[in-house]
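Inspection log for the structure reproduced underneath, given as structure tokens.
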Amino acid sequence: ILDKSRFVPSSGSYPQGYKVGALATGVKKSNALDLSILASSVPASAAAVFTTNKFQAAPVLASKDILSTTGGQNISAIVINSGCANAVTGEGGLKDAYTMVETVGRELGVGSRSALVMSTGVIGQRLQIDKITRGITELVGPQLGSSHEHWLSCARGIMTTDTFPKLVSKRFELDGVTYSLAGLAKGAGMICPNMA
Amino acid sequence: TLLGFFVTDAPIAAPALQKMLKHATDRSFNCISVDTDMSTNDTIAALANGVAGGELITETHRNYDAIQAEITAFAKQLAQLVVRDGEGATKFITLKIQDALSYEDAKTVAHSIANSSLFKTAMYGKDANWGRILCATGYAGVEVNPAKTSVSFIPASGPALQLLVNGEPETVDEARASEILDQEDIEVHVNLGTGGGHDCEFWTCDMSHEYVTINGDYRT
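Written out as structure tokens, the structure reads:
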């Protein structure tokens, strides 16, 4: 197995108006980072593509619903937990996904349907939602930031069997205005996506 | 599971952002495979908050194509990192399928090769096994011209190693093949010779013993 550390950036140029961060809620047994949040200082346009697997996890259903009802407008955050996929968890799982969205909205002082939610990890187990909502409350506020370390931490918070955090950023210019683009991803196994 | 998001401070209207994301995903995250399995949770999201200022980018704005190109290139970069971290992967493989009747046909062939366990284990074993590539091409279910199909490995430097030209096997320089397959990054070109002129790029990795160990140990 190769050393992948060369793919982890040591700096970046990140877009204005976003704060990010991660913390360990205790959902992962190793006490590793397992909750990440990205928050925009102003409501943003949003879009998403989702798995076409017939068994769609609760956060997929919740995020699709939020994008559909808002038209992708006035979205202020993305919240992601790792360690538990909240998939095949029935009505209770869907309620947990909306609880994550509502908690982020409340802590950020925005609407109750102003965030997108994602989960990754083991299928078929309910979230430890109390740990996650406590984590959201703790994370929103001074723990979010816009430094390279914050972005790297946010990327680490969504890892499962990944061996390195996947974070990229770039600047580009249009009509004399400089814009930035930053992104992160996770995934190492169960990877053959066909999203729509 | 694949999860990710990208965010920008450019002002992009939601319908335009959705269209850009779909375009970018179809050429990046939907063109990767580590192990053939599709998750229940795969999601890629995008936010555009407009804090940097400038004109609102809509689907008809003159800069729509430029920003879509930026986002697509960016998405490819992220998607490729996921493949590089494939469980147990020791190789990063770029498949270029050329001269298909349509983009969809080219992608179907790439998908078939990328998901062939025998191709993936051959790459792990550093074996220039074009027969496995050809086999996966042939059962992909799309139009190919067997008498015009060519397969080659493209090294980082130096000439291509041609394995099959117009359906006829070449004499393979095993030493050169070993040299190419010893590299971490491998590029495979498959020309279907249909005259359609449509190409597709797809990224995958090899399959190693470690993949089995990781997933044999993973517990629900």
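Chains as they are written, first to last, in my numbering: chain V, 7 to 202; chain P, -3 to 216.
A virtual CB, placed ideally from N, CA and C, is assigned to each residue, including glycine.
If residue i sits next to residue j, beta carbons under 8 Å apart, how far is it from one beta carbon to the other, in whole angstroms?
| i | j | result |
| --- | --- | --- |
| D40(V) | V33(V) | 5 Å |
| L97(P) | H194(P) | 7 Å |
| I197(V) | L(-1)(P) | With a Cβ gap of about 11 Å, I197(V) and L(-1)(P) do not count as contacting. |
| A102(P) | I93(P) | 4 Å |
| I210(P) | G195(V) | 7 Å |
| L180(V) | N59(P) | 5 Å |
| C201(P) | A106(P) | 14 Å between Cβ atoms; not a contact. |
| A300(P) | W199(P) | Outside the displayed range of chain P (-3 to 216) lies residue 300(P), so it cannot be described from this structure. |
Under 8 Å between C-beta atoms, does residue i make it to chain V?
| i | result |
| --- | --- |
| M119(P) | no |
| L159(P) | no |
| N37(P) | yes |
| E66(P) | yes |
| A102(P) | no |
| L91(P) | no |
| G212(P) | no |
| E55(P) | no |
| I8(P) | yes |
| L(-2)(P) | yes |
| T209(P) | no |
| I109(P) | no |
Tell me whether residue i, by its Cβ, gets closer than 7 Å to a heavy atom of the ligand HEM.
| i | result |
| --- | --- |
| V26(V) | The ligand HEM is not part of this structure, which contains no ligands at all. |
Note down, in chain order, each residue of its chain lying with its Cβ closer than 6 Å to the Cβ of residue i, except the 5 sequence neighbours on either side.
| i | result |
| --- | --- |
| R172(P) | L157 |
| G46(P) | P7 |
| V107(V) | A121 and V123 |
| I164(V) | S42, I86, S88 and K192 |
| A42(P) | F2, L13 and L17 |
| T169(V) | K10 |
| N125(P) | A118 |
| P21(V) | S186 and A188 |
Under DSSP, the alpha helix (DSSP H) around residue i begins and ends at which residues?
| i | result |
| --- | --- |
| E113(V) | G96 to L114 |
| I109(P) | Y99 to A110 |
| F113(P) | The question names Phe, yet the displayed sequence has Ser at residue 113(P). S113 to Y120 is the extent of the alpha helix (DSSP H) around S113(P). |
| F25(P) | Neither: F25(P) is in no alpha helix (DSSP H) and is coded neither H nor E. |
| C131(P) | W126 to G134 |
| F70(P) | Y60 to R80 |
| I142(V) | I135 to L145 |
| K70(V) | A64 to T76 |
| L177(P) | E170 to L177 |
Residues in its own chain within less than 7 Å of residue i by CB, not counting five upstream and five downstream?
| i | result |
| --- | --- |
| L114(V) | A45, S82, A83 and V146 |
| V66(V) | F56 and T57 |
| I129(P) | I109, F115, V147, V184 and V186 |
| P62(P) | Rather than Pro, the amino acid found at residue 62(P) in this sequence is Ala. Excluding sequence neighbours, A62(P) sits near nothing in its chain. |
| S112(P) | R128 and A132 |
| T105(V) | I135 and T139 |
| T126(V) | S88, A91, I164, T166 and K192 |
Say whether chain P places a C-beta atom closer than 8 Å to the C-beta of residue i.
| i | result |
| --- | --- |
| I135(V) | no |
| V183(V) | yes |
| N200(V) | yes |
| M106(V) | no |
| K10(V) | yes |
| I129(V) | yes |
| G23(V) | yes |
| T75(V) | no |
| A203(V) | There is no way to answer for residue 203(V), as the model of chain V reaches only from 7 to 202. |
| L190(V) | yes |
| V48(V) | yes |
| A103(V) | no |
| A28(V) | no |
| T139(V) | no |
| G115(V) | no |
| S36(V) | no |
| S125(V) | yes |
Quick check on the DSSP output: the beta strand (DSSP E) that includes residue i runs from which residue to which?
| i | result |
| --- | --- |
| I84(V) | I81 to C90 |
| K172(V) | K172 to L180 |
| I43(V) | L41 to F56 |
| L188(P) | From DSSP, L188(P) is part of no beta strand (DSSP E); its letter is neither H nor E. |
Whose C-beta lies closer than 8 Å to the C-beta of residue i among residues of the same chain, with five residues either side of it excluded?
| i | result |
| --- | --- |
| V128(V) | G89, C90 and A91 |
| S35(P) | T(-3) and L(-2) |
Return the residues of the segment 142 to 175 of chain V that lie within a Cβ-Cβ distance of less than 8 Å from chain P, sorted by chain order. I164, T166, T167, D168, T169, F170, K172 and V174
Taking any Cβ of chain V, which residues in the segment 118 to 150 of chain P have a Cβ under 8 Å from it, in chain order? none
Return the residues of the segment 13 to 29 of chain P that lie within a Cβ-Cβ distance of less than 7 Å from chain V, sorted by chain order. L13, Q14, L17, K18, T21, F25, N26, I28 and S29
Within 8 Å of chain P by C-beta, residues of the segment 56 to 67 of chain V in sequence order: F56, T57, T58, N59, F61, Q62, A63, P65 and V66
Closer than 7 Å, Cβ to any Cβ of chain V: which residues of the segment 191 to 207 of chain P, in chain order? E206
Note down, in chain order, all residues in the segment 153 to 185 of chain P with a beta-carbon under 7 Å from any beta-carbon belonging to chain V. Here the close residues are E180.
In chain order, what residues of the segment 59 to 83 of chain P put their CB closer than 8 Å to some CB of chain V? N59, A62, I63, E66, I67, F70, A71, Q73, L74, A75, L77, V78, V79, R80, D81, G82 and E83
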